[in-house]
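Pasting the structure below:
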């Protein structure tokens, strides 16, 4: 970083928009990578999505912020690795497969474990109730009650219905997250 | 908005910048300071780097705005710490590893390179490391060559260390990389292949075609690695290797490194073919490589030819010629290499090296001492008789300049030379006595003394001169061991020389001036003169009588004995207590070791005995003789090896290292005065763990069985860094084993962290053979200590105890495996008087499992090769024999039969001389 830029940013005049780090978690096959693929510049979307091993990092600009998203693998044996990326994050995206009623309780377990983590105090939480295009999908309200989201009081949270294949609802959710983060800084 | 909304980021950046500037300033100032202080010493930028500070700093990996420059500094520091051998704990590794994975998002090329290195060096656990696989796979296809090559290397290392099956997933990428146009990428893939070969050879073997293509590459490094990998792939198949080598030797490789490798492989193939049917073409190839333009290849070929087994004089000639040219090379490394190889050749073919003698003489004054030493030793091996004087003169001027270890090499070479040219002993002896007077360490002095001893033994004319030199040496010798050795020699050889009386003075001087050990041996030497030479006897007696009031017991004892003996001889009696004077001069009829053991046994007889100890009662068992012969052979071998070897290391390896560990333990036991009364050890069990490894206190128990005692040796290890245990004892609960009572115990006074110690419990067998389990409890006083600091002496600590697992006493503990040669023969001799037959049904899945278990349960030795079960058989008979406590031989025949897939039927027939023993053994299995 050049000296001039440093000077500018210390005076708050930098034209560079702020960087935020987001961690995207959720059970396997809930659509995390697909959601992020939709957020990326268009050329990358055509690629076929395969189960993530470890994690992927994506960067893009949206709502006046530079996003760095850590797309974590949702497979059972990698879930305990999520917590290593909680430090200094701006927000969490939790992706729910709303057609998978059977594993909703697994998601709830993982969520509770995450909420207890000390690095995540007052970090905004964005839930995507994904796969809304399928007929068996549960409505966001049902997901809220199944995951007992109404019991979260110490963090701002929001649930958005989404269809990652078409991109429906994703931008709205991200906009909410961006807004929350900006508000947190203003405080 | 910006100024109001983002107070955190700019402030962070500003403070980071300030920190960075500050650290740079510090570094620069300390650098200049360091240079001022000491200009010769190179300054290390890492001085004062501490693990804890670096770990603290590494938190910036988590920053939202990454500062690559700062991260690079920290990464370098961590790598430096790792390379210095600093250990990171599991938790710290995990922290840094995840920090590093966050840096992977950054595009900074310099940092990325470090990150790859870091991922390889950090060695994170297999569960965590998987997280970077996706990123690395992506990098493997990136456009930047640097990333591609590095990612391949790191991924290869990760797969080799964790999960070889992952290889299948990236195989496609690796195959492409093998033939990549970029040399770095291709070489990386090849190197990964070499590493992966050992973990997942099947997959790597499929790459043969790609590797063959890589072998044709123009790049040196690619060609070199491709050849190495190709050899790895074909390694199992000797024919294939020789085919590859043969084909490649016809079309020379461009890379000198690959050429060297090929020479090595060619040599390997030639070695396998043997000296008779050696492939002429391969030798021609080696010879043609001698004319290569690279020095490296020439040298490699020359050494390959020189090291061939059974190489002929004629084959050697071209290689030696080339090495001779190297001897005059301006490069020290080439000179060293050449003279070293010639040195080796000189051991086997001294004549072949003779043409180089002129050149090597020039090297004696080489400024590099290693080269000079090698040159001299080679010359000593090849030199002619006429050149000895000249050579010795040169060496004398040079000896004072080299280190002890080189001097030893020279001395060894001189020994070899003296044996070769016995006429020259005068020159060599003078030289040795001169160097003996100079300063030097024990090893060096010992080498010289040994050499003189060997020369005296082999060259009779040199004896008087040699003894004279040695006598002078002990006048001023600081090494007790050497003094006693020389005194003994003088005692043996001195009386038969022309003028024995002159040695008396030297010996008596020792009696006056030296320590007790030397005094004692001087007395013995003196007495030998007195016994053998009647003329000197009166004076020797006078001298000895002066020592009667020596303050050392051993010296006094010897003097008293010898004075009595000599006086007896003087008066014409036949000596003392039937002892003839000559007996003292002859070596002992039995080995010292055996006498020592017999003495111990004699002392251990309970209640004492009236029978006097007699030498003729000393028994020598075959085992001990064999061991002694082995030691001697090893010593001789080492001595002869020392003649020819370049660097002589410890000449005689301690024979104890060859003993089994249980015998080592027994040796330890015999040193403990508390347990002398238990007598001769019968058997020792293998160590049994009484706590799991990794628990607070690790305890292992070894059961030593004696005639009427059972000695439990507990090996303790304290794994808590912050605790010091004192007064450690083991309480053994004997309620379940009524035949045993506590005899004594030896506690462990102090058990600090990380230093294993022993404590002992001695039990006496009152009746029967106790079998059962005993509950054990570790009792101790705990003191808290700070790790790495001296314990606070004022702290009193508190009592505590720790429950251990139960210790099992089984029949096998009282049994010693003992092989007999012809089982059937012995079986019928023992007879069926005390025979016990039992049948059992055991639940084992296979005959093998059942047999192993039964044999180990009985603790007996399978005989006549009966422990091998032919494949697919449904019945089997094992013959076992053993020695039961008290020396009763026990034999058993175990018939096994597969009843059902899960059960094995067994009939056990036990025979011995004692019905009670037979019964006990048979019931032990139940």
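Protein chains in written order, with the numbering used here: chain A, 1 to 187; chain B, 1 to 926. No residue lacks a Cβ here, since even glycine has one placed at the ideal position from N, Cα and C.
- Scanning 150/B, 413/B, 143/B and 200/B for the CA closest to the CA of residue 171/B turns up 200/B.
- Counting only the Cα atoms, residue 887/B lies some 9 Å from residue 816/B.
- The C-beta of residue 735/B has fewer than 16 other C-beta atoms within 10 Å across all chains shown, which makes the residue exposed.
- Between residue 122/A and residue 35/A, the beta carbon gap of about 24 Å keeps them out of contact (Cβ cut-off 8 Å).
- Per DSSP, residue 110/A is one residue of the alpha helix (DSSP H) stretching across 104-115.
- An exposed status is given to residue 328/B, since fewer than 16 other beta-carbon atoms sit within 10 Å of its beta-carbon.
- Taking 4 residues as the minimum length, the alpha helix (DSSP H) runs contained wholly in the segment 59-128 of chain B are 68-83, 90-103 and 109-122, in order along the chain.
- The alpha-carbon of residue 167/B is positioned some 32 Å away from that of residue 87/A.
- Contacts with chain B at 8 Å (Cβ-Cβ) include residue 54/A.
- The three-state secondary structure of residue 796/B, taken from DSSP, is coil.
- The three-state secondary structure of residue 174/B, taken from DSSP, is helix.
- At a cut-off of 3 residues, not a single continuous stretch assigned as beta strand (DSSP E) sits fully inside the segment 428-505 of chain B.
- Within the segment 119-142 of chain A, contact with chain B at the beta-carbon level (separation under 8 Å) is assigned to no residue.
- Counting along the chain, residue 79/A sits inside no beta strand (DSSP E), nor does DSSP assign it H or E at all.
- A Cβ of chain B is located within less than 8 Å of the beta carbon of residue 68/A.
- The segment 247-260 of chain B and the segment 296-315 of chain B touch, with three or more beta-carbon pairs separated by less than 8 Å.
- For residue 134/B, at least one C-beta of chain A is nearer than 8 Å to its own C-beta.
- Taking 9 Å as the upper bound on Cβ-Cβ separation, chain A lies near residues 94 and 95 of the segment 70-95 of chain B.
- Annotated three-state conformation of residue 207/B is coil, per DSSP.
- Chain-order list of chain A residues neighbouring residue 131/B: 53, 54, 55, 72, 73, 78, 81 and 84, by C-beta distance under 9 Å.
- Counting only the Cα atoms, residue 556/B lies some 21 Å from residue 536/B.
- By the rule that beta-carbons nearer than 8 Å mark a contact, residue 110/A does not touch chain B.
- The way I'd put it, the segment 104-123 of chain B doesn't touch the segment 24-34 of chain A; fewer than three beta-carbon pairs between them come closer than 8 Å.
- Residue 873/B counts as exposed, since fewer than 16 other beta carbons sit within 10 angstroms of its beta carbon.
- Closer than 8 Å to the CB of residue 128/B there is at least one CB belonging to chain A.
- Distances from the alpha-carbon of residue 838/B to those of 909/B, 782/B and 864/B put 909/B closest.
- When DSSP states are grouped into helix, strand and coil, residue 158/A belongs to the strand group.
- Residue range 875-884 is occupied by the beta strand (DSSP E) that includes residue 882/B.
- Rounded to whole angstroms, the separation of the alpha carbons of residue 723/B and residue 783/B is 6 Å.
- Look at residue 108/B: its C-beta is not under 8 Å from any C-beta on chain A.
- By the Cβ neighbour-count rule, residue 312/B is exposed, with fewer than 16 other Cβ atoms within 10 Å of its own.
- Take residue 52/A, set aside five residues on each side of it, and the residues of its chain with a beta-carbon closer than 7 Å to its own are 33, 71 and 73, in chain order.
- Listed along chain B, the residues sitting closer than 8 Å to residue 59/A by beta-carbon distance are 105.
- According to DSSP, residue 777/B shares a beta bridge with 731/B and 803/B.
- Taken in chain order, the complete alpha helix (DSSP H) segments of 4 residues or longer contained in the segment 821-853 of chain B are 823-830.
- Not flagged as an interface residue toward chain B: residue 154/A, since no C-beta distance is shorter than 8 Å.
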